[in-house]
Amino acid sequence: MTDKIKLACIIDDDSIYVNLIRKIIETKKLCDNLLVFNDGKDGIEYFETILQNLEDKFIPEVILLDLNMPVMDGWEFIERFTTIRNKIKKTITLYVVSSSINQRDIAKAKSLSSVKNYLVKPVEIDQLEAVFTKTA
Amino acid sequence: MTESALKEKLISNSDYCYWELNDNTSYWSKAFINNLGYQPNDVTIKLDFFLNNIIHEDYRAPFKDNFYNLVRHDVDFKQNVLLRSKEGKYLEYVCKTNEDITIDSKENSKTIFFFKSKLNTHEKVRGGTFYYHETAMMTSTGSWYIDFEKKKSYWDHITRKILEYPEDFIPSLKMGLKLYAKEHHALATNVFMECGMSGKPFDVEILMVTAHNRKFWARAMGKPVFNDNKEIIGLRGVFQDIDDVKQKEINLERTSEIIASQNSRLFNFAHIVSHNLRSHSSNLSLIVQLIDDMDSVEEKLELMDNIKDVSDSLNTTIEHLNEVVTIQTNADQHREKVSFAATLNQVCTSISQIISTNNVTILPDFSEVKDVDYIPAYMDSILLNLLTNAIKYKHVDRDPIITVKTSVDYKDNDRVVLEVKDNGAGIDMEKFGDKVFGMYKTFHYNKDAVGIGLFITKNQIESLNGEIKVNSILNEGTTFTIKF
Chain A
1 MTDKIKLACI IDDDSIYVNL IRKIIETKKL CDNLLVFNDG KDGIEYFETI LQNLEDKFIP
61 EVILLDLNMP VMDGWEFIER FTTIRNKIKK TITLYVVSSS INQRDIAKAK SLSSVKNYLV
121 KPVEIDQLEA VFTKTA
Chain B
137 MTESALKEKL ISNSDYCYWE LNDNTSYWSK AFINNLGYQP NDVTIKLDFF LNNIIHEDYR
197 APFKDNFYNL VRHDVDFKQN VLLRSKEGKY LEYVCKTNED ITIDSKENSK TIFFFKSKLN
257 THEKVRGGTF YYHETAMMTS TGSWYIDFEK KKSYWDHITR KILEYPEDFI PSLKMGLKLY
317 AKEHHALATN VFMECGMSGK PFDVEILMVT AHNRKFWARA MGKPVFNDNK EIIGLRGVFQ
377 DIDDVKQKEI NLERTSEIIA SQNSRLFNFA HIVSHNLRSH SSNLSLIVQL IDDMDSVEEK
437 LELMDNIKDV SDSLNTTIEH LNEVVTIQTN ADQHREKVSF AATLNQVCTS ISQIISTNNV
497 TILPDFSEVK DVDYIPAYMD SILLNLLTNA IKYKHVDRDP IITVKTSVDY KDNDRVVLEV
557 KDNGAGIDME KFGDKVFGMY KTFHYNKDAV GIGLFITKNQ IESLNGEIKV NSILNEGTTF
617 TIKF
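Top to bottom, those sequences are chains A and B. Its first residue numbered 1, the first sequence is counted upward by one per residue in the working numbering. Its first residue numbered 137, the second sequence is counted upward by one per residue in the working numbering.
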């Protein structure tokens, strides 16, 4: 039994990549709504805001997070997100999606409890489908 | 009977002979003249004659030192000498001053006594002195003595030579720090004080300054001299000119630093290339996947636009990388004298629009250093990047004030330093300190930040073996310091 994801979130500064993912999501109908932030700071500000008004429909089930971003990078986002997420009941699954193939980055990301998995760009369409398919 | 005649009589039958120096007159004893095979009327009793015709050249310089110290400072001495007789035969003497010779009656008379050396190991002594002297000469090692009681200091002739002072120069205690380069005044004070106060010997490499104001590296060694009561009554030591070796060492150090930094830049560059190209190639591969996946031709064609986007940004990246590569190959480009003031003027003119719109005040101070040998285009680009940066990231509450100042770092081979300081928004150094000069890194919440300027600036500076550092306090301002 699968249940379609309603809200997903992408935090990435590469607009071409974001557009392509959006396209895949639309074509494959992977989720109903998509939130896009260009860097970690915009992303974290969103989560800080929804803490004031915890409505399910504002809370994404999946986050695709880039590491290398200006202003606030993925690492800092994860750090700050971890404290916020403890205050939210709903399960939020966070994937790191980065073009870095540096083993240290990969190991570090996988060691963090709030990170579900590390996906190396380019992501495959199949991979995306798997990410957006949650088991009920 | 005159005093000299009295002495003459006293020593006539011995191995002693003497040279008396009173006021401006000299007097050689008959025995002295006879021993050397001269007749009293043959010779002019003058120092010049003694130095040029009688004393063996190996002993000349040390004797001169001793002689002047005796005449001017009443410093007694004892040394071995070889003296040449009229027939050209060398005779060995010990020469000694009147310090402990009882026959001297008059207090202020100065007399040098010559004793036939009792040693028949003629060659040994001669050789010893010769080797000592040769060693001192060839290793450029001069000795010195500071007498705390008489408050005087003494140098041997090699010390004078390496410090470029005339042979008859008399050092004084007052010279003190004048012998050392400004940047090493503290070091010199420290080691001499510690040695003089607590008797701690020293052995340091120090920058000294000659009489002609030439700086050179010396190894200075010193140790205390004690009297019978174990009190420190002076310091004795040597200066060795190690400039050649030290310069080579410094060059070697520098070369190895350059190689290390080039290596790290290459590594960094490889990383940038792989990372930046990867993001484009992964986008391309996503597009291809999508095209494969789409059913209709229209949809497939729509994706072509995306290919164009990727291609554009790939081009931009390649241009940036190209710029970086060009810097590396430009490093051996011709350098010329570049004036800071002229370059700043030029840059200000080219961005006059931005300067006036933002109400920028630029305060230049090039009084300490006016120019530097550099690649003009780089200086241009460096100042342009730093100025536009300072303006772009100005503080929201105030107009930008940018000071641009040059100076000399005396502690680091007199390198020229340029400081560009603003009163802007500042950078959170704790968060971004190690990323300021990274490629595509921006820290300000400023949408038009590209993150290439400071990266290029750092590369240009480093390709010419310089350094750039940043210091910043959030909300107070940022200072970039460049060492050429």
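Heads up, the beta-carbon is just placed ideally off N, CA and C, and yes, glycines get one too. All figures in this text were calculated on a predicted structure; none of them were measured in a lab.
Quick one: Cα of residue i to Cα of residue j, how far?
{"i": "I78 of chain A", "j": "H531 of chain B", "result": "29 angstroms"}
{"i": "E598 of chain B", "j": "Y546 of chain B", "result": "20 angstroms"}
{"i": "W696 of chain B", "j": "G560 of chain B", "result": "There is simply no residue 696 of chain B to check, as chain B begins at 137 and stops at 620 in what is shown."}
{"i": "I511 of chain B", "j": "V474 of chain B", "result": "8 angstroms"}
{"i": "A406 of chain B", "j": "L457 of chain B", "result": "10 angstroms"}
{"i": "D14 of chain A", "j": "V552 of chain B", "result": "41 angstroms"}
{"i": "D240 of chain B", "j": "Q376 of chain B", "result": "At D240 of chain B, the pLDDT of 48 sits below 50, so the modelled position is not reliable; the number obtained from the coordinates is stated separately. Cα to Cα, the separation comes out at about 39 angstroms."}
{"i": "D507 of chain B", "j": "A477 of chain B", "result": "8 angstroms"}
{"i": "N481 of chain B", "j": "K318 of chain B", "result": "34 angstroms"}
{"i": "D516 of chain B", "j": "S492 of chain B", "result": "20 angstroms"}
{"i": "N177 of chain B", "j": "E285 of chain B", "result": "43 angstroms"}
{"i": "T233 of chain B", "j": "P337 of chain B", "result": "30 angstroms"}
{"i": "L51 of chain A", "j": "Q469 of chain B", "result": "58 angstroms"}
{"i": "V544 of chain B", "j": "N399 of chain B", "result": "28 angstroms"}
{"i": "Y281 of chain B", "j": "K310 of chain B", "result": "14 angstroms"}
{"i": "Y163 of chain B", "j": "K252 of chain B", "result": "19 angstroms"}
{"i": "F620 of chain B", "j": "I518 of chain B", "result": "12 angstroms"}
{"i": "L554 of chain B", "j": "C331 of chain B", "result": "39 angstroms"}
{"i": "F362 of chain B", "j": "I394 of chain B", "result": "48 angstroms"}
{"i": "K214 of chain B", "j": "K287 of chain B", "result": "21 angstroms"}
{"i": "I127 of chain A", "j": "T391 of chain B", "result": "Here residue 127 of chain A turns out to be Gln, not Ile, going by the sequence shown. One C-alpha to the other measures close to 50 angstroms."}
{"i": "V424 of chain B", "j": "Y95 of chain A", "result": "23 angstroms"}
{"i": "N601 of chain B", "j": "T465 of chain B", "result": "13 angstroms"}
{"i": "Y268 of chain B", "j": "L172 of chain B", "result": "26 angstroms"}
{"i": "D509 of chain B", "j": "K200 of chain B", "result": "47 angstroms"}
Kindly give me the distance between the Cβ atoms of residue i and residue j, rounded to whole angstroms, as I take these residues to be in contact under 8 angstroms.
{"i": "G312 of chain B", "j": "T295 of chain B", "result": "15 angstroms between Cβ atoms; not a contact."}
{"i": "N521 of chain B", "j": "L590 of chain B", "result": "7 angstroms"}
{"i": "L181 of chain A", "j": "I59 of chain A", "result": "Not covered by the structure: residue 181 of chain A. The range shown for chain A is 1 to 136."}
{"i": "Y174 of chain B", "j": "F250 of chain B", "result": "No, Y174 of chain B and F250 of chain B are not in contact; Cβ-Cβ is about 14 angstroms, not under 8 angstroms."}
{"i": "V211 of chain B", "j": "Y290 of chain B", "result": "7 angstroms"}
{"i": "S415 of chain B", "j": "K23 of chain A", "result": "Not quite, the Cβ-Cβ distance comes to about 17 angstroms (not below 8 angstroms), so this is no contact."}
{"i": "V446 of chain B", "j": "I16 of chain A", "result": "6 angstroms"}
{"i": "I527 of chain B", "j": "I490 of chain B", "result": "6 angstroms"}
Restricting to Cα atoms, I'd like to know which of the options is closest to residue i.
{"i": "T497 of chain B", "options": "B:K473, B:P512, B:N188, B:T524", "result": "B:T524"}
{"i": "K182 of chain B", "options": "B:A324, B:F203, B:V505", "result": "B:F203"}
{"i": "D304 of chain B", "options": "B:A197, B:Y514, B:I604", "result": "B:A197"}
{"i": "T617 of chain B", "options": "B:E603, B:I609, B:S517", "result": "B:E603"}
{"i": "T83 of chain A", "options": "A:K41, A:F47, A:K6", "result": "A:F47"}
{"i": "N19 of chain A", "options": "A:K29, A:C31, A:V36, A:I92", "result": "A:V36"}
{"i": "E45 of chain A", "options": "A:V62, A:R80, A:Y17", "result": "A:R80"}
{"i": "I190 of chain B", "options": "B:S308, B:G224, B:L206, B:F213", "result": "B:G224"}
{"i": "A272 of chain B", "options": "B:G373, B:K541, B:V361", "result": "B:G373"}
{"i": "E459 of chain B", "options": "B:L610, B:N205, B:N595, B:N611", "result": "B:N595"}
{"i": "R401 of chain B", "options": "B:I369, B:N205, B:P360, B:I463", "result": "B:I463"}
{"i": "K116 of chain A", "options": "A:L64, A:I16, A:D39", "result": "A:L64"}
{"i": "D380 of chain B", "options": "B:L219, B:E455, B:E341", "result": "B:E341"}
{"i": "T91 of chain A", "options": "A:V62, A:K110, A:V71", "result": "A:V62"}
{"i": "D564 of chain B", "options": "B:D292, B:G613, B:T539, B:N549", "result": "B:G613"}
{"i": "I592 of chain B", "options": "B:A396, B:A526, B:V461", "result": "B:V461"}
{"i": "N170 of chain B", "options": "B:K222, B:F185, B:D201", "result": "B:K222"}
Would you decide whether residue i is buried or exposed? Buried here means 16 or more other CB atoms lie within 10 Å of its CB.
{"i": "L388 of chain B", "result": "exposed"}
{"i": "K166 of chain B", "result": "exposed"}
{"i": "E270 of chain B", "result": "exposed"}
{"i": "D667 of chain B", "result": "The requested residue 667 of chain B does not occur in the structure, where chain B is confined to residues 137 to 620."}
{"i": "Q383 of chain B", "result": "exposed"}
{"i": "D364 of chain B", "result": "exposed"}
{"i": "S99 of chain A", "result": "buried"}
{"i": "A513 of chain B", "result": "exposed"}
{"i": "E156 of chain B", "result": "buried"}
{"i": "A356 of chain B", "result": "buried"}
{"i": "F573 of chain B", "result": "buried"}
{"i": "E129 of chain A", "result": "exposed"}
{"i": "K366 of chain B", "result": "exposed"}
{"i": "M329 of chain B", "result": "exposed"}
Sorry if obvious, but does the Cβ on residue i come closer than 7 angstroms to a heavy atom of the ligand SAH?
{"i": "Y229 of chain B", "result": "As presented, the structure is devoid of all ligands, the ligand SAH included, so that no description of it is given."}
Name the chain C residues that come within less than 8 angstroms of residue i, Cβ to Cβ?
{"i": "I125 of chain A", "result": "The chain inventory of the structure shown lacks chain C, comprising the protein chains A and B."}
Whole runs of the alpha helix (DSSP H) within the stretch 380-466 of chain B, excluding any shorter than 4 residues: 433-466
Every unbroken beta strand (DSSP E) inside the stretch 280-315 of chain B [3 residues or more]: 288-291
Length-filtered (3 minimum) beta strand (DSSP E) runs lying within the stretch 61-131 of chain A: 62-65, 93-98, 115-120
Every unbroken alpha helix (DSSP H) within the stretch 488-575 of chain B, with a cutoff of 4 residues, ordered by chain: 488-493, 512-528, 565-568
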